[in-house]
Ligand SMILES: Cc1ncc(COP(=O)(O)O)c(C=O)c1O
Ligand SMILES: Cc1ncc(COP(=O)(O)O)c(C=O)c1O
């Protein structure tokens, strides 16, 4: 489809701006003004058609199963969208007086408490996404050791880790060292032991990890770290697997983040916004970013009077309207419903795993939690993970996460989530079986996929070679 | 796509109903109760995906040009949808006390006044669609002659007329007689003269007519009818062509309806709802259906005290939320914008006409108003209007109205509306030229169209032969 | 303005047309008719001014805690209904003439027909009519077309507005209208039986009736059938179908009524959703659109408008009705609603009944008189000598308490028709009752 | 609950898995960790109860006539923005990894990048960052990566929250932070020039600055460039770009800031829209997603995420940033907004300025003192010895009048930062002023 700029023609736009009604004013001196017109001149119906038809070239959870591992693409209840558009929330100014925003503050306060109950930690809702949570978590680590007067420079990250884990640590000046996994998909405790020394500030671990496995040495790792004086950071991106079943605090983590857009079902918005609340054990709570919503005798207020805080990390208080959706989600589910998330997510994933493991190579032979990783190792005729992922699109599903985790060659990471029906799981299984058959019998079909999508296979190399990042007419 | 019922499975639906909270009540005796469960047992995500994907098999004005003649498929401004969903309108009960509904009544009162200004008549907003307006108009005719003590049984309808015109007259017991058009597309005045006698209650004429032509004998016809003691009914479905340019009252009509969903841009809703306000000349106002919104000293009220009324024709007061959208549309356009509707609609139509008349047979060689009719007469290789209409779909447009008006064989009735851009008109012209070329050079492409649509050419005969109107599992 | 033709384009287009000006294109409109000046309409508003203006009009309405039904039922609308029916491929399309690009609408309507038929216990249903009142009127005309008789017998407990509309239609179509009064809020079965003879095409009865009471449909249907007449059951509160025995089971031949309560807002009475379902012998006589199943050129299942020979654009003056534009989007909302609530509709209906009954008991406790002992669903009629002043007092306190029946039934000035839905919480009901108590006392 | 697996299905699935129970699937979680009881969370609510509950929370907020900006601008949002961004193919998808079924998002973001680049006068822009504050922080880090220097010089007239965030980031990344105070609401040019030497990576200045005043960007950029430092211009009110000379023209190397004002609600401060644009030499150092143009297998134009080697999932600890999830939907809203308002943005900006200036004049008339004579856009700072009590009085009457600056700038307790947008009508402004007059007098 054409970019909207191609429709621009001087004089088409009839969008009406009200009359100022105020002719008694100080004009801005000309030297500050521009008269360039960089915006398109199009009419409302063209804009509506352009974006309506663009949406037809997109695939979302509302179109079908979206088994993008690690991203927890579950159904986003429509009521939460309605709630997030209520003017008495969406229209509230962040700098308004506290007495005028008690409703917003209460939502944040309660949500933090719910997350606390679910994980056993104390929360700040300031981070705007998971990796923002990680970053502020790394800052907490840094501040903690500064306060302790210890110069520790290393953060350990398993080879299974999501890229944001090392990146966030590095942004805080830490040196990142990679801890290998063993063949069971757990952290290699022996290797870890060797790496632990007085320079290790912290270790980051996703729990369950990015292979979808609950690390069986978790408590041992936690104890090792703590004995070493190091902190243990839990990446909560996979909380969906354990919510209501186990608490991160009890696993031995000191710090964690939650991706509200994953476990608590706020929509992913084509890339965002999400929210990444940061949780810490009570002893570290004083380091949390400000402000913290507190409850005083005159009501809720934004507490900035926290001398040990790492400081502010967001223009205001994080992604409030995302927090509101998560709040609504938790209230709609209640304790039983929250536990049901994990139970059904794990059931669905294991059902897929059991059904697919005979068809595709399974690098780690174990039952999984909410997701699992296959690979293209045994594919014939040079069929790759990329080919498979493109062929899946032809069958009307979104594709799993591919080539992550990095240490599994040709990884295919599948997370159905708890909101998929058995019908759609079965349909996905049939498609994966069919693609396997094609790989053997008609490999070109897979290698030339996709064929039924709005565009054919897209070439990323051309894009990167001579990047065109803006439309230039 | 499958019907939703195929997804039904006992126990899937988790939609939560609140607890009654009232256990202190009189149970309904068992003999009145049923325990059948005729509704699907599906989960919210399935419903959302089902209807989301169904919408992907539909084509609306928001997808592209929809040149469905006579239906005025113009752009429906999004602001009007927002306005129609405001709880202070959408949530108002029709039986609430007048003092609690002054806002609704004011909207109706003002809209009736605007329509009055636009046409020169007095309006009732009760009719729920154009043909409902026609029906109540026919009732006015009947009542008028009853009051006059005249037994007149005939309603004249031109051969160009929309099917609802004869049908509405027939529902009021009138005998319908068809008046032929002349080769210029105007009413054949000589023939009409012959048909006029003391039994003719009224004549119905669409203005401009369904060929998109302004009848050049209009005033003469009106005078003839009036001299004959007959009433002249104006079908206002094509008001779009003349709004702000001429008034129906001044054309000599006594009664008319307006399709708000056409001229005043309320969405067509996949078939409805629309609204068909009925207008009459002052002398006939006493016959209008009740209630009429009136203004008294305590505010607006619903006036039922109208002894000569034809009576009530709607459960309440017509399609209020449609009227509200039309009100908003008129307020957003103002007098200049309203006039601009007609001017641009007529410009666009004539541009298309001038561009297409060399390509397709034009039965009546005249400039048009807001729409025009071509035919398949000169098509080679047995290509029909139906084939052409299906091929148009392949090129991403909706199709014109076909085989109407009935007296033009193979009619193709094209109405671009004023909201189409010149770009889209040009694209449509290119498509029509290409289809003509195909008809000559590759007729099978046209005859086997459509190929790119969600389903291929649909067979209406099978459907009618052994009708399946409900899903039976 | 929503047009976009620029001056440059206009010139180009006029060039192609061969006209000197746009005015020239209007040359067929005689001077004597052509408007000279400008329309006397208020000036144009920008989008934000318009929204503010209309918002101000809206605030001239009073949003209250409502206890009124009477043909428009304020049920909770799940967010998915708004989201899905708000997809513009649905609402900016029209009657699905081009089936190949209208399967969305067609399948949805096919599902709607199926659900209406199932809920009413009928074989078929159409794609919608304007509203409950015209659905009743069209049902009667359909019955008359089928059996060639000209008289309808109508229960006095049918919604007064529906009766008014039917009277209008009967007069206009030269049919005979006969009304049988109610007795204590229920159709008088004896009088009804007496009025039925072989000139009667059909009997029309509403269930639950206007007063909220359940009728003895089986007896009425039997009476109709014994004279060869059809039994038409009108349902104004569709949620009642979620719990009550369906009209088909009880002997109805045609079921019609109002579907608004399924996922459509009360909207000051429109758009509503006229439902019409019938036994299969009416298939070729039913008014309105019908969607049927068929095949496409590849032999795949597809859906299409069918039996169009019934309709005005083919049959013209001999059509089964003049209806063209219907209430398609309302039907779409209804089918989405019925899928979302699904088989929990019964539970929802039970909730409505329980709360209505709870309120009725409380009202009887504080001195209201019941109209009858007949069972009811979520609406009932009670009376109090000071009903009018109590209502007035409550309105000032933000409660819209019941519909006063005096305007509709002379002599019933003390009676109120009260409705309770799931939107009325028990707390709200208790608050209402305590306010009533104050007013009764005070 | 939004799950649907029935008991029957569960059994079947466990059979395929070979497990006796769902519990068994959690066997890897040690006993010592596994939760015993139930979570202590409030009980589940039905959809309608939830809506009522949240509605009640919302009504604990007070909706007032607002005259506050300070980084969040309450502009009118055209209905088309809500309708189009509310299409679920957009908002229920994620980062467009599978380009073949994500062209919708990709094209929209490409258009967004184009518009941000054009409006800021830069060559490129990324697909969004979290908000204005983190966009500034990321800009500084990008500048430092480019020129290898470690110190940032920041205008004291940069939004205090942005400065706080930058301090946090600077501390965390071991960078040096130096602040130059403002003089009468404008960055002190002399002090600024003095603080720049060849250890300085970049200078950060906001325009219009926090006090609403326009800065002399050309002079500041020249000062930065003369020491080999980058000039970073932060824009917190994006509408100002509709009328002011763009930062690129005035010498900025990097333009960052807040895009919320383009089609996104203030939403109690989030989600916001971090904008980042830069000259093309930053292309391979810019943080966040970038969409680029490419071809598909048929040679047709297509779009794809590009230059991913910059990003954390490839480069890990050497990435240009850790950002992953961004604010895509807010960027989508912004691009729709910019297409709808289109080239009328200038007119809208002019309106904002005119009304702001109108109010400022009125305030000076009734006894407020201006902070400076510097030109301003739609926000300005004024002072009054009774500012605090006037504000309080106004709040009680439904006006949220200006942000008191004492918390941010000790000594400025009497100052208010006042903002006017198109939502504030002249009538409303006049009413505000008359109320102020009453309070000043009273
Ligand atoms: C395991 C893991 N950690 C961290 C993140 C980063 O979270 P976000 O994208 O919200 O910044 C993600 C998701 O993208 C993830 O999957
Ligand atoms: C010329 C004409 N008259 C009457 C009608 C009937 O109007 P409605 O469909 O609103 O009942 C239509 C439209 O369908 C029409 O085109």
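Residue numbers (our numbering), protein chains in the order written: chain A, 1 to 473; chain B, 474 to 946; chain C, 947 to 1388; chain D, 1389 to 1830. Here a beta-carbon is modelled for each residue, glycine too, at the ideal position from N, C-alpha and C. From a predicted model like this one, the values you see are computed outputs, not experimental measurements.
Check	Outcome
For a test of your reading of the model: does the CB of residue 1271 of chain C fall under 8 Å from any non-hydrogen atom of ligand 2? Yes or no.	yes
If we define contact as Cβ-Cβ less than 9 Å, is residue 565 of chain B a contact residue for chain C?	yes
Starting from residue 597 of chain B, follow the beta strand (DSSP E) in both directions and report where the run begins and ends.	595-597
Quick check: the stretch 767-783 of chain B against the stretch 913-927 of chain B, are at least 3 beta-carbon pairs closer than 8 Å?	no
For the alpha helix (DSSP H) containing residue 443 of chain A, list its first residue and its last residue.	443-447
Buried or exposed, going by whether 16 or more other CB atoms sit within 10 Å of the CB of residue 939 of chain B?	exposed
Buried or exposed: residue 617 of chain B, going by 16 or more other Cβ atoms within 10 Å of its Cβ?	buried
On the CB-based measure, 16 or more other CB atoms within 10 Å of its CB, does residue 1475 of chain D come out buried or exposed?	buried
If I'm right that residue 236 of chain A touches residue 372 of chain A with Cβ under 8 Å, what's the distance once you round it to whole angstroms?	Not quite, the Cβ-Cβ distance comes to about 19 Å (not below 8 Å), so this is no contact.
For residue 153 of chain A, is the classification buried or exposed, using 16 other Cβ atoms within 10 angstroms of its Cβ as the cut-off for buried?	exposed
Taking the beta carbon of residue 925 of chain B as the centre, do at least 16 other beta carbons fall within 10 Å, making it buried, or is it exposed?	exposed
Pull up the CB-CB distance for residue 432 of chain B and residue 1282 of chain C, whole angstroms please, since I reckon it's below 8 Å.	Look at the range of chain B in this structure, 474 to 946, and you will see that residue 432 of chain B is not part of it.
Which residue's Cα is closest to the Cα of residue 1548 of chain D: A/316, A/101, A/398, A/299?	A/316
Is the beta carbon of residue 1742 of chain D closer than 9 Å to that of residue 1807 of chain D?	no
Where does residue 1728 of chain D sit, in a helix, a strand or coil, going by DSSP?	helix
Grab me the residues of residue 1057 of chain C's own chain with a C-beta within less than 6 Å of its C-beta, minus the 5 sequence neighbours each way, in chain order.	1281
Can you check whether the CB of residue 739 of chain B is closer than 9 Å to the CB of residue 711 of chain B?	no
Counting pairs of Cβ atoms below 8 Å between the stretch 1762-1777 of chain D and the stretch 1786-1805 of chain D, do you hit three or more?	yes
Regarding residue 237 of chain A and ligand 1, is the C-beta to nearest heavy atom distance less than 8 Å?	yes
Check the Cβ of residue 982 of chain C against every Cβ in chain B and list those closer than 9 Å, keeping chain order.	Within chain B, no residue comes near residue 982 of chain C; the closest Cβ sits about 10 Å away, beyond 9 Å.
Compute the Euclidean distance between the alpha carbons of residue 656 of chain B and residue 695 of chain B, then round it to the nearest angstrom.	20 Å
Against chain B, does residue 9 of chain A count as a neighbour if the rule is that its beta carbon must be under 9 Å from one of theirs?	yes
Answer with yes or no whether the minimum CB distance from residue 3 of chain A to chain C is below 9 Å.	no
Scan the stretch 578-612 of chain B for residues whose Cβ lies nearer than 8 Å to a Cβ of chain C and list them as they occur along the chain.	579, 580, 587, 590, 591, 601, 602, 603, 604, 605, 607, 608, 611, 612
Between residue 682 of chain B and residue 545 of chain B, which are expected to be in contact by the criterion C-beta below 8 Å, what is the C-beta distance as a whole number of angstroms?	Actually they are not in contact, since the Cβ atoms of residue 682 of chain B and residue 545 of chain B sit about 15 Å apart, beyond 8 Å.
Listing by chain order, which chain B residues have their CB less than 8 Å from the CB of residue 1391 of chain D?	487, 516
Interface residues of chain A around residue 420 of chain B at Cβ under 7 Å?	This structure leaves residue 420 of chain B out entirely; chain B is present only between 474 and 946.
What residue range does the beta strand (DSSP E) around residue 1666 of chain D cover?	1662-1666
Using beta carbons (cut-off 9 Å, strictly below), is residue 46 of chain A in contact with chain C?	yes
Residues of the stretch 1506-1538 of chain D in Cβ contact with chain A at a cutoff of 8 Å, in chain order, please.	1506, 1507, 1511, 1512, 1513, 1515, 1516, 1518, 1519, 1520, 1521, 1522, 1529
Can you tell which of C/1188, C/1136, C/1145 has the C-alpha that lies nearest to the C-alpha of residue 508 of chain B?	C/1188
Hey, residue 705 of chain B and residue 676 of chain B are a contact pair by Cβ (cut 8 Å); roughly how many whole angstroms apart?	6 Å
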